[in-house]
Amino acid sequence: MVDNTGVKTRHFLQLMLLSALWGASFLFIRIASPVLGPNVMAALRIALATLTLMAIMRLANERWPWRHWRELVGLGTLTVAVPFLLYAWAALHLPAGYSSLLNTMAVPFGVIAAAWMKEDTLTATKALGCLCGFAGVALIVQLGPVEPTPSLLLAALASVVAAACYGVSTTWMKRATTRMSPLSIAAGIHAAALILLAPGAAWSMPDARFTPGALAAVAVMGIVTSGFAYWLNLRVLAQVPPVATMSSAFMIPLFGVAWGHIFLGETLGPGMFWGGALVLAATGLVTGFNPLKWLSILRAKTD
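To get the working numbering, take the position in the sequence shown, counting from 1, and add 1352.
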């Protein structure tokens, strides 16, 4: 079981901020992807994030970690290129709330990967959590407010694969922070992902419609929810256990569903509530995260 006492108040607040930002990103993806197309939207988002991080690197007088380029390409593929593209495509068929809930599956996949990489032990409780997570996903898809058509099922699968990429890469990212600074990793993985997605974006460019709303959504995603947020996430990851950083996935659906309902008028069906509850319970089981215990620790520290 994870000991969350090592997570300080500032880390908790940073994880809360990350959850709010990443929850909002599903709203912006839902706005921009149908207009720009998945390839163009993902590439523009990554390009803006890369420029933002390059500017911060220049101000911080940091150098590019060129000798780790192979690792950065691998991390950029797994943590940026593939999930960004999959979520952009899924947004053509899934409400923002769906995607944010399915994103929580990063935690079970992360725990399984950590056990396989000998970084953690897969206990019976964690295995039960994984089963609950998969059951929650099935409930969301079957009983949600959107009819479970083949395209929706494929979009849900794409979201789960994207979440798996995030979960599997967390331990690898943690190891990378021992060799490179969080800022250089964030810039490097986005630059690598941009190179990978640029050809597909160029091919899809003629079909994109560059409306003010879509461009504004991409600008916020690129600068704030990707550039700044990835840097902040890596700073936290360098200081706390990997599973603790994954616990931010608890709160992302709360923000994602709320933003989708408030700004896009997305319907909240019973499957969303019960399936979401199962997914959140799953993440609690696999990480050992107890929100009541964490809140009591925070209260004790602030008294």
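Cβ coordinates follow ideal geometry from the N, Cα and C atoms, glycine included.
Keep in mind that this is a model prediction, so the values were computed, not measured.
In the structure shown, the three-state DSSP call for residue 1532 is coil. Only exposed fits residue 1564, as fewer than 16 other CB atoms lie within 10 angstroms of its CB. Contact between the stretch 1603–1613 and the stretch 1449–1458 is present, with at least three C-beta pairs closer than 8 angstroms. Residue 1590 carries a coil assignment under DSSP once its states are collapsed to helix, strand and coil. Rounded to the nearest whole angstrom, the CA to CA distance from residue 1441 to residue 1417 is 31 angstroms. Look at the stretch 1552–1593 and you find these whole runs of alpha helix (DSSP H), each 4 residues long or longer: 1564–1572, 1581–1589. Across the structure, residue 1633 and residue 1502 are spaced so that their CA atoms are roughly 27 angstroms apart.
The Cβ neighbour count for residue 1400, taken over all protein chains shown within 10 Å, is at least 16; the residue is labelled buried. One thing to note: residue 1523 has its Cβ within 7 angstroms of the Cβ of residue 1466.
Residue environment: residue 1568 is assigned as exposed (fewer than 16 neighbouring CB atoms within 10 Å of its CB, all protein chains considered).
Fewer than three pairs of CB atoms, one per stretch, sit closer than 8 angstroms, so the stretch 1372–1389 makes no contact with the stretch 1521–1541. If you compare the alpha carbons of 1589, 1508, 1539, 1383 with that of residue 1562, the shortest gap goes to 1383.
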